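Residue numbers (my numbering): 42 to 563. We put the CB at the ideal spot given by N, CA and C, even for glycine. Predicted, not measured: the structure shown is a model, and the values here were computed from it.
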């Protein structure tokens, strides 16, 4: 990578203040200390646009240290532009360095899914995600974008480095060029860069789409066939017991689903229903997918009976077409859902939140509704004060299934650093290999998703037990990342369950009297 020679901090300050002699400050600042806009701001603006990274750092550092006082709005905006240019330059250097990290991965490594899937890319993503504390989805996008900028889109990288475009606009150019054939990319990039610097991200995206359609040699029909192979449904946890569910579908299917949901939601609007149209659409969609009562009859925020007009236990009223029989008051599902509920919360004595696998804490009333519709139960023994898992009763015939369940409940997610895939969707892997006399026991088994299982066995990622619990992963780059064990779910001082047990213990002791023998510590 070619670039200017390294300068000292003194050189940076000298370059940053060059052309700003002491006697020029009277021209820049008026007698009252306000910025003088009579042509001086254009000069400063030009200096910011032409400054090297060292000059930008010097200007920002001088302002931060008080050596230069940007008391006016115009001078403050110039410094903001300097920071923006510097961020673009740093993003360009990051792209180059990520591409270099990728060059250290073994190109001959291939994933278990076949030789067409590069394990080298997965290695780079895992190393980058761990170092930068990103999710692997975010890291994969960053690595893919960096390889494009340092490959076919080097002019875009140069524009980013000069600060002519920001990282967001560079991402738009990369994304819109992905499905263009190689021979069409140079023309696309050259034309886009003629106007990219003057457009914000939404307008640039629109222009890129139009140009992409103009330059693409394939018909939209052929491209649609390939794009349809990427269709998917994505679950994204959010705050306050809520989550996002989104689907990537062919346009006509997505529009048809939305139109159907909207029509049903509008038909349910009435004066005595406080739900808004967006809320009705959400309830209709959930009922359609989960096979609950009538369309949109269940209001999850109300907590009361359904609004479909039918009795909870059934009745003579016919259900709307496509929505099963009588409303049961709870949406049913054949899918396996794992919810850990404190027993007193399940009984309605407390409102302690439950733990929904793959999401996190959910309200007690939501857990009770799920429990009311459960077809099977698994009793989990936990510490009465902290909620930490203590054991699992043997209610299943096959011990291996009990062991699997125990490890999944203990670890909750994949044991690889930063991975949040639910343990129930992971492989169980021997920490010490069976061939090396490793035992099939709870202490030697950890859940690991298929991607990271592959990394462990085919790359230099190596797990070892951590003295404080969890696993310590040594990366191919020589860095160590520790996956810490999950903390106990409950604070003993604030747990409603702990308070009930403490009050019960106090009552029992007072009834026994001071001379009574203490009960065995069962």
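field: First and last residue of the uninterrupted beta strand (DSSP E) at residue 403
entry: Here residue 403 refers to the residue found at position 362 of the chain shown. Per DSSP, residue 403 belongs to the beta strand (DSSP E) from 401-403.
message: Using a 10 Å radius around the Cβ and a threshold of 16 neighbouring Cβ atoms, would you call residue 165 buried or exposed?
response: The sequence position of residue 165 within the chain shown is 124, counting from 1. Classification of residue 165: buried, given that the 10 Å Cβ count is 16 or more.
Helix, strand or coil at residue 471 [DSSP, three-state]: For this step, residue 471 is matched to residue 430 along the chain shown. Residue state, collapsed to three classes: strand.
field: Buried/exposed call for residue 108, threshold 16 Cβ in 10 Å
entry: Taking the chain shown and counting its residues from 1, the one referred to as residue 108 is at position 67. Classification for residue 108: exposed.
- prompt: Should residue 169 be labelled buried (16 or more other beta-carbon atoms within 10 Å of its own) or exposed?
  reply: Translated into positions along the chain shown, residue 169 becomes position 128. Burial call: buried.
query: What does a CB cutoff of less than 7 Å around residue 461 pick up in its chain, not counting 5 residues either side in sequence?
result: On the chain shown, residue 461 is found 420 positions in, with the first residue counted as 1. Once the five neighbours on either side are set aside, the close Cβ partners of residue 461 are 454.
Rounded C-alpha distance that separates residue 495 from residue 312: Here residue 495 is taken as the residue at index 454 of the chain shown, counted from 1. Here residue 312 is taken as the residue at index 271 of the chain shown, counted from 1. The alpha-carbon separation between residue 495 and residue 312 amounts to approximately 57 Å.
- prompt: Using the C-alpha atoms, what's the distance from residue 388 back to residue 268?
  reply: In the chain shown, the residue the question calls residue 268 occupies position 227. In the chain shown, the residue the question calls residue 388 occupies position 347. Within the model, the alpha-carbon separation for residue 268 versus residue 388 is close to 49 Å.
field: For residue 302 and residue 570, the rounded distance between their alpha carbons
entry: This structure gives no information on residue 570, because the portion of the chain shown stretches from 42 to 563.
query: Helix, strand or coil: which one does DSSP assign to residue 162?
result: To locate residue 162, count along the chain shown from 1; it is residue 121. Residue 162: helix per DSSP, three-state reduction.
- prompt: Going straight from the alpha carbon of residue 100 to that of residue 203, what length do you get?
  reply: On the chain shown, position 59 is the one that residue 100 refers to. On the chain shown, position 162 is the one that residue 203 refers to. The alpha-carbon atoms of residue 100 and residue 203 are separated by roughly 17 Å.
- prompt: For residue 237, is the classification buried or exposed, using 16 other Cβ atoms within 10 angstroms of its Cβ as the cut-off for buried?
  reply: Taking the first residue of the chain shown as 1, we reach residue 237 at position 196. Classification of residue 237: buried, given that the 10 Å Cβ count is 16 or more.
Same chain, Cβ closer than 6 Å to residue 479, neighbours up to 5 away in sequence not counted: On the chain shown, position 438 is the one that residue 479 refers to. The beta carbon of residue 479 sits closer than 6 Å to the beta carbons of 471, 473 and 485 from its chain, once the five residues preceding and following it are set aside; these are given in chain order.
- request: Pull up the distance between the alpha-carbon of residue 102 and that of residue 94, whole angstroms please.
  value: The count along the chain shown starts at 1 and reaches residue 102 at position 61. The count along the chain shown starts at 1 and reaches residue 94 at position 53. Going from the Cα of residue 102 to the Cα of residue 94 covers about 12 Å.
field: Straight-line gap, residue 250 to residue 243 (C-alpha atoms, nearest Å)
entry: Along the chain shown, read from residue 1 onward, the residue named residue 250 stands at position 209. Along the chain shown, read from residue 1 onward, the residue named residue 243 stands at position 202. Cα to Cα, the separation comes out at about 11 Å.
message: Less than 7 Å between the C-beta atoms of residue 488 and residue 442, yes or no?
response: For this step, residue 488 is matched to residue 447 along the chain shown. For this step, residue 442 is matched to residue 401 along the chain shown. Against a cut-off of 7 Å, the Cβ pair of residue 442 and residue 488 comes out as no contact.
Pairwise C-alpha distance: residue 91 and residue 81: Position 40 of the chain shown, counted from the start, is the residue given in the question as residue 81. Position 50 of the chain shown, counted from the start, is the residue given in the question as residue 91. In this prediction, residue 81 has a pLDDT of 49, which is less than 50 and means its spatial position is unreliable; nothing more can be read from the coordinates.
message: On the criterion of 16 or more Cβ atoms from any shown chain inside 10 Å, does residue 119 qualify as buried, or is it exposed?
response: Locating residue 119 in the chain shown gives position 78, where the first residue counts as 1. Buried is the call here.
task: Starting from residue 521, trace the beta strand (DSSP E) both ways and give me its first and last residue.
output: On the chain shown, residue 521 is found 480 positions in, with the first residue counted as 1. If you look at residue 521, you'll find it in the beta strand (DSSP E) that goes 521-524.
- prompt: In the DSSP assignment, what residue or residues form a beta bridge with residue 17?
  reply: What the structure shows of the chain is the stretch from 42 to 563, and residue 17 is not part of that stretch, so it cannot be assessed.
message: Considering Cα atoms alone, identify which of 464, 396 and 510 is closest to residue 281.
response: Stepping through the chain shown from its first residue, residue 281 is reached at position 240. It is 396.
- request: Measure the beta-carbon distance from residue 197 to residue 234 and round it to whole angstroms, keeping in mind my assumption that it falls under 8 Å.
  value: As a first step, residue 197 is located in the chain shown; it is residue number 156 there, counting from the start. As a first step, residue 234 is located in the chain shown; it is residue number 193 there, counting from the start. The Cβ separation is near 7 Å, so the contact holds.
- request: Using 10 angstroms around the beta-carbon of residue 475, count the other beta-carbons present and answer buried if the total reaches 16, otherwise exposed.
  value: Within the chain shown, the letter at position 434 stands for residue 475. Residue 475 is exposed by the Cβ-count criterion.
- request: Report buried or exposed for residue 212, applying the criterion of at least 16 other Cβ atoms within 10 angstroms of its Cβ.
  value: If you number the chain shown from 1, residue 212 lands on position 171. Looking at its Cβ environment, which holds 16 or more other Cβ atoms inside 10 Å, residue 212 is buried.
query: From residue 297 to residue 177, what distance separates their C-alpha atoms?
result: Along the chain shown, read from residue 1 onward, the residue named residue 297 stands at position 256. Along the chain shown, read from residue 1 onward, the residue named residue 177 stands at position 136. Using only the alpha carbons, I get a separation of about 33 Å.
task: Have a look at 287, 463, 89 and 221 and flag the residue whose alpha-carbon is nearest the alpha-carbon of residue 127.
output: On the chain shown, position 86 is the one that residue 127 refers to. Of the listed residues, the one whose Cα sits closest to residue 127 is 89.
- prompt: Among the residues of its own chain, which have a CB less than 7 Å from the CB of residue 469, if the five just before and after it don't count?
  reply: For this step, residue 469 is matched to residue 428 along the chain shown. Here the set comprises 445, 448, 486 and 488.
- request: Alpha carbon to alpha carbon, how far is residue 132 from residue 185? Give it in angstroms, no decimals.
  value: Counting from one through the chain shown, the residue named residue 185 turns up at place 144. Counting from one through the chain shown, the residue named residue 132 turns up at place 91. Whole-angstrom Cα-Cα distance: 14 Å.
Contact set for residue 181: own chain, Cβ-Cβ below 6 Å, skip 5 residues either direction: Working through the chain shown from its first residue, we reach residue 181 at position 140. Answer for residue 181: 166, listed in chain order.
- prompt: Using the beta-carbon count (16 or more within 10 Å), is residue 502 buried or exposed?
  reply: By 1-based counting over the chain shown, the position of residue 502 is 461. Taking all protein chains in view, the Cβ of residue 502 is crowded by 16 or more other Cβ atoms within 10 Å, so the residue is classified as buried.
task: Taking all protein chains shown into account, decide if residue 187 is buried (16 or more other Cβ within 10 angstroms of its Cβ) or exposed.
output: Numbered from its first residue, the chain shown carries residue 187 at position 146. Burial check for residue 187: the Cβ neighbour count within 10 Å reaches 16 or more, so the residue is buried.
field: Whole-angstrom distance between residue 217 and residue 224, CA atom to CA atom
entry: Reading the chain shown from its first residue, position 183 is the one you call residue 224. Reading the chain shown from its first residue, position 176 is the one you call residue 217. Their backbone Cα atoms lie some 15 Å apart in a straight line.
query: With a Cβ-Cβ cutoff of 7 Å, do residue 190 and residue 136 count as a contact?
result: Translated into the one-based positions of the chain shown, residue 190 becomes position 149. Translated into the one-based positions of the chain shown, residue 136 becomes position 95. Yes, the Cβ-Cβ distance between residue 190 and residue 136 is below 7 Å.
Span of the beta strand (DSSP E), counted from its first residue to its last, around residue 456: Locating residue 456 in the chain shown gives position 415, counting from the first residue. Residue 456: not part of any beta strand (DSSP E); DSSP gives it neither H nor E.
- request: Provide the residue span of the beta strand (DSSP E) that contains residue 287, from first to last.
  value: As a position in the chain shown, residue 287 is number 246, starting the count at 1. 284-289 is the extent of the beta strand (DSSP E) around residue 287.
field: Buried/exposed call for residue 459, threshold 16 Cβ in 10 Å
entry: Translated into the one-based positions of the chain shown, residue 459 becomes position 418. Under a 10 Å Cβ-count criterion, residue 459 is classified as buried, with 16 or more other Cβ atoms of the shown protein chains found around its own Cβ.
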